[in-house]
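Just so we're aligned, residue 125 is where the sequence shown starts under my numbering, counting upward by one.
Where a beta carbon is used, it is the ideal one built from N, C-alpha and C, also for glycine.
What follows is a single structure, written as structure tokens, with notes after it.
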Amino acid sequence: MTVLVAYVPTPEGDAAFTAAVEEAGRRNARLVLLNTPREGAPVSAALADEDGVRDLAARARAAGVDLEVRQDAHTGDLADEVVRVADAVDASVIVIGLRRRSPVGKLIMGSTAQRILLDADRPVLAVKP
Numbered sequence: 125m126t127v128l129v130a131y132v133p134t135p136e137g138d139a140a141f142t143a144a145v146e147e148a149g150r151r152n153a154r155l156v157l158l159n160t161p162r163e164g165a166p167v168s169a170a171l172a173d174e175d176g177v178r179d180l181a182a183r184a185r186a187a188g189v190d191l192e193v194r195q196d197a198h199t200g201d202l203a204d205e206v207v208r209v210a211d212a213v214d215a216s217v218i219v220i221g222l223r224r225r226s227p228v229g230k231l232i233m234g235s236t237a238q239r240i241l242l243d244a245d246r247p248v249l250a251v252k253p
């Protein structure tokens, strides 16, 4: 069994990671952390640095959860990448963090979280910070 968490170093990402560690512990499952920058981006705020990854690994280890970190760059839409990795690791659940957006913001910009919720063929646990 595998739990997949889509992670960015934000309060929403931290809430998702915390929920994913708890879920993996409940299911006695390994945890795959997907932290993927866009391919070709010279700098990415979405990418966790080495210290951040080390801290996340320590938190998972303290909870007795095996953690695999995937930080390969992606092309195309992030929602598609999350769903693709969920299929590749045969995740039993996907955990994502949600941030508050106005209805107009969702209309203009779309919502990665909404796309994951609609496109995933497995349960998605969406959490707020």
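Can you name the start and end residues of the alpha helix (DSSP H) that residue i belongs to?
i: L241; result: 236–243
i: A210; result: 202–212
i: R178; result: 174–186
Please confirm whether any heavy atom of the ligand ATP lies closer than 6 Å to the CB of residue i.
i: A130; result: What this structure holds is no ligand at all, so the ligand ATP is not there to describe.
Between residue i and residue j, how many whole angstroms is the CB-CB distance? I'm expecting something under 8 Å.
i: V219; j: V156; result: Between V156 and V219 the Cβ distance is about 10 Å, and since that is not below 8 Å, they are no contact.
i: S216; j: R150; result: Going by Cβ atoms, the distance from S216 to R150 rounds to 11 Å, so no, they are not a contact pair.
i: R224; j: E192; result: With 8 Å as the limit, R224 and E192 do not qualify as a contact, their Cβ atoms being about 30 Å apart.
Per DSSP, what kind of secondary structure is residue i in: helix, strand or coil?
i: E163; result: coil
i: L158; result: strand
Ends of the beta strand (DSSP E) at residue i?
i: R223; result: It is not in any beta strand (DSSP E) - R223 carries neither H nor E in the DSSP assignment.
i: G142; result: The identity of residue 142 in the sequence shown is Thr, whereas the question assumes Gly. Premise fails: T142 lies in the alpha helix (DSSP H), 135–151, not in any beta strand (DSSP E).
i: R194; result: 191–194
i: V129; result: 126–130
Using a Cβ-Cβ cutoff of less than 6 Å, which residues in the same chain neighbour residue i once the five nearest sequence positions on both sides are dropped?
i: P253; result: P135, E136, A139
Have a look at the DSSP bridge pairing and note the partners of residue i.
i: V251; result: G221
Suppose the cutoff is 7 Å on Cβ atoms and the five residues either side in sequence are ignored; what does the same chain contact list for residue i look like?
i: A244; result: V207, A210, I218
i: R183; result: V145
i: A143; result: V219, L249, V251
i: T236; result: L202, A203
Within its chain, find whatever has a CB closer than 8 Å to the CB of residue i; leave out the 5 residues flanking it on each side and keep chain order.
i: D196; result: T160
i: D173; result: P133
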